[in-house]
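Structure first, then comments.
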Amino acid sequence: MKTTLSPTRRAFLGQLGAMAAAPFIVPSSVFASPSPNDRIQVGIIGTGCRGRSHIIDLFQNYRDMARVVALCDVNGQHLARAKEMVDEMYGDDLCTTHQDFRVLIARDDVDAVFINTPDHWHALPALAAARARKHLFIEKPLAYTPAEGRAIVDAVNRFAVAFQYGTQQRYADEYHRACMLARNGYLGKLHTVRVGAPFGVRGGCAEPAAPPEGLDYDFWLGPAPYKPYTEGRCDGSSGEGWYHIRDYSGGWITAWGSHDMDIAHWGLGADAGGPTTVSGEAECDATGVYDTAWRWRFECAYPDDVTVIFASEDENPHGVRFEGDDGWVFVRRGQLRAEPESLLGVSFANDTHRLDRPIRHLEDFFHAIRTGERTVAHVDAAHSSTNACHVCNIAATLERPVTWDAATETFKEDEEANRLLSRAMRAPWHI
0 MKTTLSPTRR
10 AFLGQLGAMA
20 AAPFIVPSSV
30 FASPSPNDRI
40 QVGIIGTGCR
50 GRSHIIDLFQ
60 NYRDMARVVA
70 LCDVNGQHLA
80 RAKEMVDEMY
90 GDDLCTTHQD
100 FRVLIARDDV
110 DAVFINTPDH
120 WHALPALAAA
130 RARKHLFIEK
140 PLAYTPAEGR
150 AIVDAVNRFA
160 VAFQYGTQQR
170 YADEYHRACM
180 LARNGYLGKL
190 HTVRVGAPFG
200 VRGGCAEPAA
210 PPEGLDYDFW
220 LGPAPYKPYT
230 EGRCDGSSGE
240 GWYHIRDYSG
250 GWITAWGSHD
260 MDIAHWGLGA
270 DAGGPTTVSG
280 EAECDATGVY
290 DTAWRWRFEC
300 AYPDDVTVIF
310 ASEDENPHGV
320 RFEGDDGWVF
330 VRRGQLRAEP
340 ESLLGVSFAN
350 DTHRLDRPIR
360 HLEDFFHAIR
370 TGERTVAHVD
380 AAHSSTNACH
390 VCNIAATLER
400 PVTWDAATET
410 FKEDEEANRL
420 LSRAMRAPWH
430 I
């Protein structure tokens, strides 16, 4: 049943959409899952900019399939704003609010959770949700460390929950065509993939300050080391704040890299693989609290004599370029170029390697919940591409090349590097 919005509500939702966007697997017989006639009940963990954009998307495009029934955030202002949005959209006050993600996950009426927290908070709620048989949508990057990513993969498989990764580029026509060309020999023998990402952000206020009213700063820090609060530290709505602080994130190397290295892996058929060796360098800035790389260049050797060059936009334009002996294709959001240009109009033969691409990102997730089928943005692909970014960060930290074994997810004969695959968590948090 479709809801008809009054002009006032349409205007209100339009304003909310602008505000949110500006900053920015198992059959039902195995466990209790929604019947085909029921909407999937969704809990949102993290109601900042990205969380609110999911709330809007779910209502505007998927309200016949799903409904937001619970919200969670340690920031009271974000939580109140999201609650107001949900109540106005659905025309009631049935949505519940929680400060502790464990309370939301314990609710019997939540079928799936969307995790939109900073990176250092991805693994703990994801693992709790999987154990509670809640289906998982996780924003990129998958996890703060390779060890935490592996724990998520194992939990998704062990508890047989549907999983969707927040890399919506796999559902866009231009990325699908580029990867089809790369995977099916239309470029000849692939030899180079160039992945570009925007420069990171430098600076960040270093003056200690009182946390904003309504923010439980200790809970926000969670497993991360204690550091005094500084203005803007916990706010990533403008693409700054926690994104560029190493205690909480891998910077743009993992944040943008997880999008575009994912496409490189899709085009290479490396969803279960990764680089063999990584060398390169990254430049950080110590003038403020932002200590992740703002500029970088890595050469990543992949099987079949393919080199992936992952660099900031001073070398590679933002996007992914597949290069072969017979041509190249470059793709970024809303743009596709190729040489020869005739590649853009190729009709793929029936015997080509097909890459599944459902029409819509979240539709794929809800389909997986109903059927037990795997999504296109599945957990193994998420882990593989995120690990490639982590390996780049580790090579930069050590300031030397590293040799990676994607099968064992360890560095070969390199205990110094292997110690960086996990982190100690601040008590009482642990995996």
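Each residue of the sequence shown is one higher than the one before, counting from 0 in numbering that gives the first Met the number 0.
Beta carbons: idealized from backbone N, C-alpha and C, even for Gly.
None of the values given here were measured: they were computed from a predicted structure.
Under the three-state reduction of DSSP output, Pro124 falls in the helix class.
Excluding the 5 residues flanking it on each side, Ala337 has same chain C-beta neighbours closer than 6 Å at Val328, Leu343, in chain order.
Within the model, the alpha-carbon separation for Tyr61 versus Pro211 is close to 34 Å.
In this structure Tyr225 is exposed. Its beta-carbon is surrounded by fewer than 16 other beta-carbon atoms within 10 angstroms. Counted as a single uninterrupted DSSP element, the beta strand (DSSP E) harbouring Ile137 occupies residues 134-137.
Gly273: not part of any beta strand (DSSP E); DSSP gives it neither H nor E.
The residues Ser278, Gly279, Thr306, Ile308, in chain order, have a CB closer than 7 Å to that of Glu298 in the same chain once the five nearest residues on each side in sequence are set aside. Annotated as proximal: Thr409 and Asn417, with beta-carbon spacing under 8 Å. As DSSP reads the structure, Gln334 sits in a beta bridge with Arg331.
Val68 and Ala79 have their alpha carbons spaced roughly 14 Å apart.
Membership of Glu414 in the alpha helix (DSSP H) is indicated by the continuous run 414-417. The three-state secondary structure of Tyr289, taken from DSSP, is coil. A distance below 7 Å between beta-carbons, with the five flanking residues on each side excluded, links Ala223 to the following residues of its chain, in chain order: His119, Asp246, Tyr247, Arg425. Under DSSP, Arg320 forms a beta bridge with Arg193, Phe329.
In terms of Cα proximity to Asp303, the closest of Asn315, Asp37, Leu189 is Leu189. Taking a C-beta distance under 8 Å as the contact criterion, Leu135 and Phe162 qualify as a contact pair. DSSP places Ser311 in the strand class (E or B) of the three-state scheme. Counting only runs of at least 4 residues, the region 217-288 fully encloses the following alpha helix (DSSP H) elements, listed from N- to C-terminal order: 251-254, 256-267.
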